[in-house]
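Participant: Dropping the structure in here first, questions after.
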Amino acid sequence: MTTATDLSFGEIAPWQSMLDRHSELFLDMVEGSRIGFVSREASGILPGKHLDGVKAATDVPLLAWQLENGAMSARIERFAGMASTKVDLLLVADEEAMATMLGELQGDTPTVIKRLIRRGRMMFFVFKNKAQLQDAGYEDFLDSLGLAFLGACR
Amino acid sequence: MTRPGEAKLNHLFQPGKIGKFEVKNRIKYGACCVSNYNGRDGTITPRELARVRVIAGTGCGLITNQGAYPDALGEGKSYFRQIAIHDDKFLPQFEMIARYIHDAGAMAMQQILHAGRYGGIDLGYCVQPSVVPQTLPHFRPPRELTKDQIKVVIAQHADAAKRAVRAGFDATEVTSFMGYLLANFNSRFTNQRTDEYGGSVENRGRFMRELIDAIKQATPDNPLSIRLNGAELMDRWGGNTQDESFELMQQAVDCGVDMISVTVGWQEAPESSFGRDVEPGYWNFLSEKAKKMFPNVLVAFGNRLPEPAMANDCVKDGVFDYWEVCRPLLADPEMIHKAAEDRMEEVRPCIGSLNCLSRLFRDLPYTCTMNPMLGHEVEPEYHVTEATEKKRIMIIGAGPAGMEAAITARKRGHAVTVFDKADKIGGALGAYAANDLARPADLQSVIDYYGVMAKKLGVEVRLNTEANAKFMRSVLHEYDVCIVAAGSRTDMAVFQYLEGAELLVDALEVAHGRVKTGKRVVMIGGGMIGLTISEFLAKAGHEVTVIEKEKRIGGDIMPTFKWRHTAWVDELGIKTVTLAQLVKVTKEGATVKTPKGEQFIPCDSVIVSSPRKANHDLFYEFQWMVDELHGGGDATVPRGLDAAIQEGYRLGVRI
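Residue numbers (numbering that gives the first Met the number 0), protein chains in the order written: chain A, 0 to 153; chain B, 0 to 654.
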């Protein structure tokens, strides 16, 4: 099925190519590790109004990166709300962030994502705790996003 | 009798009144950090009590004891060894703390800290107004509080306040600082409830108003302070605007709170609120606004405001009524007394390294880069006592390790001489300070402090004197003890067989300004030294590429400041190549080897900042020339400023 919102992630091949180019970020990750992206507008996970997204989202496309057979692969799935989502990390991108990411898939996409998070264009949620993420090998990836793995308080 | 500093800082040292309680000055010891010195069940340990005795003696008029969690389950517990106040069994230790504070002539306030979103450290979940997932992996998945549970939490706070007053505390404080439960209810980011506790600012503030009301009813004769964000710095995530934050303050004032302590930022906020990169005084406008809006309520403030003189001006100008200070008093518990005696140049400065917080997030007790005694108050071995046998001590190296050892040993009655081949004290720290983008004055203040104390205590410092075997023979039998604190160097020998090795430049030479680099620079090593110099060069207009052999840059930087370096790297356009090793250098550029193959990077200069090698060669030279030989700081293992100061102190206090 192709819908307008599906198109917001574009073709899967450039995503896959980008993940293959940055495979070093996922070297330590365990099989089944999953990172998800959804559109802020489509999911309804808006700043200050997350519950709409948590509870009401239906039939919203989710770009999932999943580690299988030792490599990260990209695919489009359906996002049915935060409570039932099966990802370790969820990134919620606004329209500008979606467009920026798509335009930078040939370049240094992790750095682009890092900047979008810092600029508030992309919200970032974790669904596993520190120990679980460490055990699952997420440190390199989180570090590439410029996130303080062991707390902040700056 | 008024002391000279009290006359100078007369606004800060003027008495005040909070409720019916007289306060000797306008300084509030802020409960900004929990210590993590206590039992896993929340009991207060002898280590904590010894520490609190020091806090009580800081000279502050009002002392806030660190935050205690109010519930038996520990949903409010945020830190590994945080103290608890949910049961009368904890009373005896709280009574002792209140007594220590009163004995020192101060007013005693107990903070109640329910961490909400950041709580439940032993439970695997946290409680919040709404189920908003975490943005930092450090914390735990959320559960939504029911209305009945909200009532219970409020009652727990009121019970905790009552218990604190029974223990002898004069006042209590509830904190929303850095995103704790109160902040979670107040904020649009974490409160998306649809009942009467969520939605409008009025509804979001309902929890706070009921909380204030319950505590005021439980302890009607005792003032209540409430710590509220002037700015959450969470706007991008949908948090409160500054206007909403002040609207919530207004609600607290209308409920009869006695003091508003204005704070800045959440733990998950994407920018600094009190790190070294924030200029002192930067956030004062928030406190000033609060004071203007609420002239009849006491306002306390202290975010990134480390200087008593600045605080004095703020009190004078009506920016706040009470200076809330904590971290500068971790660095030097005597600071207020020194200010009162007009001896500020003798203060061990807080450099905002955030070592204290870095350790808390690793579930370790907090320590201080500048104060090696912090956390060891209970141990006699750490106290500076007169030496039984006075010795003649020579110290090789006038960096932080050597100077710390020197002034500590001198305080104990030893005769101390420091030798350094440079023409000034400070060692590599001076060069590092000169390249620091955050705030060079912070690091330079460490060197200035050592200079002042060496002079005051009578430590002899011989500069431009290189210590080697010949030199040692010339001073043979003049000294009983030698401490080698000669720091570390770039290990250029690692590259000696590399093609083009003669073109390499030592990072320390660049940092000292002795070598100028070309426009395009390759930096070997992405640790603290390499990044600091790279950032400085990039800001000065150089094009910089950092080569790091590990997977990530900044591996030796404290977690609470690492983000700042990685952000600078990004903002300044510094390129990084990780998992890379230098294989060849020519006048045209550097060739590096990565898992993806060889890569040529055109450049004019190749600077080497890593690996580091300890300058411990002197050990072998001196071991048959002096009775006692010790090593400290980077001369044993290259690390950083905190290790240098800690080891210098331990040597000084032991010999």
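Positions of the beta carbon are idealized from the N, C-alpha and C atoms, including for glycine.
Since we're looking at a predicted model, the values are computed, not measured.
Since I believe asparagine 311 of chain B is in contact with histidine 10 of chain B (beta carbons under 8 Å), could you give me their beta-carbon distance rounded to a whole number of angstroms?
Facilitator: Within the second sequence, residue 10 of chain B is the residue found at index 11, counting from 1. Within the second sequence, residue 311 of chain B is the residue found at index 312, counting from 1. Right, the Cβ-Cβ distance comes to about 5 Å (below 8 Å), so this counts as a contact.
Participant: Short check: CB of alanine 217 of chain B to CB of lysine 161 of chain B, under 7 Å?
Facilitator: Locating residue 217 of chain B in the second sequence gives position 218, counting from the first residue. Locating residue 161 of chain B in the second sequence gives position 162, counting from the first residue. The answer is yes: Cβ separation under 7 Å.
Participant: Return the Cβ separation of glutamate 385 of chain B and glycine 412 of chain B in integer angstroms, given the expectation that the two are a contact with Cβ distance under 8 Å.
Facilitator: For the purposes of this step, residue 385 of chain B is identified with residue 386 of the second sequence, where counting begins at 1. For the purposes of this step, residue 412 of chain B is identified with residue 413 of the second sequence, where counting begins at 1. That pair is a contact at about 5 Å.
Participant: If tyrosine 179 of chain B sits next to alanine 251 of chain B, beta carbons under 8 Å apart, how far is it from one beta carbon to the other, in whole angstroms?
Facilitator: As a position in the second sequence, residue 179 of chain B is number 180, starting the count at 1. As a position in the second sequence, residue 251 of chain B is number 252, starting the count at 1. Not quite, the Cβ-Cβ distance comes to about 15 Å (not below 8 Å), so this is no contact.
Participant: So, is the C-beta of proline 46 of chain A closer than 7 Å to a C-beta in chain B?
Facilitator: As a working note, residue 46 of chain A is residue 47 in the first sequence. At least one chain B Cβ lies under 7 Å of proline 46 of chain A.
Participant: I'd like to know whether the C-beta atoms of glutamine 127 of chain B and proline 140 of chain B end up nearer to each other than 7 Å.
Facilitator: By 1-based counting over the second sequence, the position of residue 127 of chain B is 128. By 1-based counting over the second sequence, the position of residue 140 of chain B is 141. Going by C-beta atoms, glutamine 127 of chain B is not nearer than 7 Å to proline 140 of chain B.
Participant: Kindly provide the ranges of any beta strand (DSSP E) runs that are 3 or more residues long and lie completely inside the region 488-570 of chain B, ordered along the chain.
Facilitator: Entirely contained in the region 488-570 of chain B, the beta strand (DSSP E) runs reaching 3 residues are, in chain order, 503-505, 519-523, 542-546.
Participant: Going by beta carbon distance, what residues of the same chain come within less than 8 Å of lysine 290 of chain B, once the five residues before and after it are set aside?
Facilitator: On the second sequence, position 291 is the one that residue 290 of chain B refers to. The residues are Val298, Gly317, Val318, Phe319, Asp320.
Participant: Counting contacts by CB-CB distance shorter than 7 Å, is leucine 132 of chain A in contact with chain B?
Facilitator: For this step, residue 132 of chain A is matched to residue 133 along the first sequence. Yes, leucine 132 of chain A counts as interfacial toward chain B.
Participant: Could you give the residue range of the alpha helix (DSSP H) that holds tryptophan 265 of chain B?
Facilitator: Reading the second sequence from its first residue, position 266 is the one you call residue 265 of chain B. No alpha helix (DSSP H) contains tryptophan 265 of chain B, which DSSP labels as neither H nor E.
Participant: Restricting to Cα atoms, I'd like to know which of B/Cys32, B/Met369, B/Leu72, B/Ala492 is closest to glutamate 155 of chain B.
Facilitator: Residue numbering aside, residue 155 of chain B sits at position 156 when the second sequence is read from its first letter. For the sequence presented, residue 155 of chain B should be read as glutamine rather than glutamate. Among B/Cys32, B/Met369, B/Leu72, B/Ala492, the Cα nearest to that of glutamine 155 of chain B belongs to B/Leu72.
Participant: Tell me whether threonine 387 of chain B is buried or exposed, calling it buried when 16 or more other Cβ atoms sit within 10 Å of its Cβ.
Facilitator: Translated into the one-based positions of the second sequence, residue 387 of chain B becomes position 388. Label assigned to threonine 387 of chain B: exposed.
Participant: Determine which residues of the region 8-39 of chain B have a Cβ less than 8 Å from any Cβ of chain A, and write them out in chain order.
Facilitator: Within the region 8-39 of chain B, no residue has a Cβ that lies closer than 8 Å to any Cβ of chain A.
Participant: Distance check for asparagine 37 of chain B and isoleucine 43 of chain B, CA to CA, integer angstroms please.
Facilitator: For the purposes of this step, residue 43 of chain B is identified with residue 44 of the second sequence, where counting begins at 1. For the purposes of this step, residue 37 of chain B is identified with residue 38 of the second sequence, where counting begins at 1. Cα-Cα distance, rounded: 5 Å.
Participant: Name the residue from B/Thr63, B/Asp616, B/Glu5, B/Glu587 whose alpha carbon lies nearest to the alpha carbon of leucine 661 of chain B.
Facilitator: In the structure displayed, chain B extends from 0 to 654; residue 661 of chain B sits before or after that span and is not available.
Participant: In chain order, what residues of the same chain lie with their CB nearer than 6 Å to the CB of alanine 405 of chain B, ignoring the 5 residues before and after it?
Facilitator: As a first step, residue 405 of chain B is located in the second sequence; it is residue number 406 there, counting from the start. Around alanine 405 of chain B: Ile394, Val415, Val417, Val458.
Participant: Measure how close the beta-carbons of isoleucine 482 of chain B and glycine 631 of chain B come, nearest whole angstrom, since I'm counting them as under 8 Å.
Facilitator: In the second sequence, counting from the first residue as 1, residue 482 of chain B sits at position 483. In the second sequence, counting from the first residue as 1, residue 631 of chain B sits at position 632. About 6 Å separates the two Cβ atoms, so the contact holds.
Participant: Evaluate the contact criterion for the region 607-624 of chain B versus the region 358-373 of chain B: three or more CB pairs, one atom per stretch, below 8 Å.
Facilitator: The region 607-624 of chain B, when compared against the region 358-373 of chain B, does not touch it at the 8 Å Cβ threshold.
Participant: Taking only beta carbons into account, state which residues of the region 88-122 of chain A come closer than 8 Å to chain B, listed in chain order.
Facilitator: If the cut-off is 8 Å between Cβ atoms, the region 88-122 of chain A has Leu89, Thr110, Lys113, Arg114, Ile116, Arg117, Arg118, Gly119, Met122 near chain B.
Participant: What does the alpha-carbon distance come out to for the pair serine 244 of chain B and glycine 517 of chain B?
Facilitator: Along the second sequence, read from residue 1 onward, the residue named residue 244 of chain B stands at position 245. Along the second sequence, read from residue 1 onward, the residue named residue 517 of chain B stands at position 518. Going by the C-alpha atoms only, they are around 50 Å apart.
Participant: By the criterion of Cβ-Cβ separation under 9 Å, what are the contact partners of aspartate 569 of chain B in chain A?
Facilitator: Translated into the one-based positions of the second sequence, residue 569 of chain B becomes position 570. Going along chain A in sequence order, the residues near aspartate 569 of chain B (Cβ under 9 Å) are Thr110, Lys113, Arg114, Arg117, Gly145.
Participant: Which stretch, first to last residue, makes up the beta strand (DSSP E) that contains asparagine 64 of chain B?
Facilitator: Residue numbering aside, residue 64 of chain B sits at position 65 when the second sequence is read from its first letter. Unbroken beta strand (DSSP E) run through asparagine 64 of chain B: 61-68.
Participant: Bridge partners for asparagine 228 of chain B per DSSP, in chain order?
Facilitator: What you label residue 228 of chain B is simply residue 229 of the second sequence in a count that begins at 1. B/Thr262.
Participant: Look at the Cβ atom of threonine 240 of chain B, then the Cβ atom of phenylalanine 176 of chain B, and state whether they are nearer than 7 Å.
Facilitator: Within the second sequence, the letter at position 241 stands for residue 240 of chain B. Within the second sequence, the letter at position 177 stands for residue 176 of chain B. No. Outside cutoff.
Participant: Could you please give me the residues that DSSP links to methionine 0 of chain B through a beta bridge?
Facilitator: For the purposes of this step, residue 0 of chain B is taken as residue 1 along the second sequence, with counting starting at 1. Answer is none; methionine 0 of chain B lacks a bridge partner.
Participant: So that I know if they touch, is there some Cβ in chain B lying closer than 7 Å to that of phenylalanine 78 of chain A?
Facilitator: Against the first sequence, residue 78 of chain A aligns to sequence position 79. Chain B contact via Cβ: absent.
Participant: Among the residues of its own chain, which have a CB less than 7 Å from the CB of glycine 486 of chain B, if the five just before and after it don't count?
Facilitator: Numbered from 1 along the second sequence, position 487 holds the residue referred to as residue 486 of chain B. Excluding residues within five positions, the ones whose Cβ falls inside 7 Å are Gly396, Gly398, Gly426, Ala427, Asn614, Gly632, Asp633, Ala634.
Participant: Quick check on valine 131 of chain B: buried or exposed, where buried means 16 or more other Cβ atoms within 10 Å of its Cβ?
Facilitator: The count along the second sequence starts at 1 and reaches residue 131 of chain B at position 132. By the 10 Å Cβ count, valine 131 of chain B comes out buried.
Participant: When you compare only the Cα positions, how much space is there between alanine 70 of chain A and leucine 26 of chain A?
Facilitator: As a position in the first sequence, residue 70 of chain A is number 71, starting the count at 1. As a position in the first sequence, residue 26 of chain A is number 27, starting the count at 1. Their Cα atoms are separated by approximately 8 Å.
Participant: Using only the alpha-carbon positions, how far apart do methionine 292 of chain B and lysine 315 of chain B sit?
Facilitator: Mapped onto the second sequence, residue 292 of chain B falls at position 293. Mapped onto the second sequence, residue 315 of chain B falls at position 316. Taking the straight line from one Cα to the other gives about 17 Å.
Participant: Going by other Cβ atoms of all chains shown within 10 Å of its Cβ, with 16 needed for buried, is proline 294 of chain B buried or exposed?
Facilitator: By 1-based counting over the second sequence, the position of residue 294 of chain B is 295. So proline 294 of chain B ends up on the exposed side.
Participant: When the distance is taken between beta carbons, is phenylalanine 78 of chain A closer than 7 Å to valine 59 of chain A?
Facilitator: The residue given as residue 59 of chain A occupies position 60 in the first sequence. The residue given as residue 78 of chain A occupies position 79 in the first sequence. Yes.
Participant: Does DSSP classify phenylalanine 32 of chain A as helix, strand or coil?
Facilitator: Numbered from 1 along the first sequence, position 33 holds the residue referred to as residue 32 of chain A. According to the sequence displayed, residue 32 of chain A carries serine and not phenylalanine. In this structure, serine 32 of chain A counts as coil in the three-state DSSP scheme.
Participant: Go ahead and label glutamate 534 of chain B buried or exposed: buried means 16 or more other beta carbons lie within 10 angstroms of its beta carbon, across all protein chains shown.
Facilitator: Position 535 of the second sequence, counting from 1, holds the residue named residue 534 of chain B. By the neighbour-count rule (16 or more Cβ atoms within 10 Å), glutamate 534 of chain B is buried.
Participant: Going by the beta-carbon positions, is the gap between threonine 489 of chain B and valine 607 of chain B smaller than 7 Å?
Facilitator: Here residue 489 of chain B refers to the residue found at position 490 when the second sequence is read from its first residue. Here residue 607 of chain B refers to the residue found at position 608 when the second sequence is read from its first residue. Yes.
Participant: In the DSSP assignment, the beta strand (DSSP E) including phenylalanine 443 of chain B goes from what residue to what residue?
Facilitator: Taking the first residue of the second sequence as 1, we reach residue 443 of chain B at position 444. According to the sequence provided, residue 443 of chain B is glutamine. The question's phenylalanine does not apply to it. Note, glutamine 443 of chain B: premise wrong, no beta strand (DSSP E); alpha helix (DSSP H) at 439-456.
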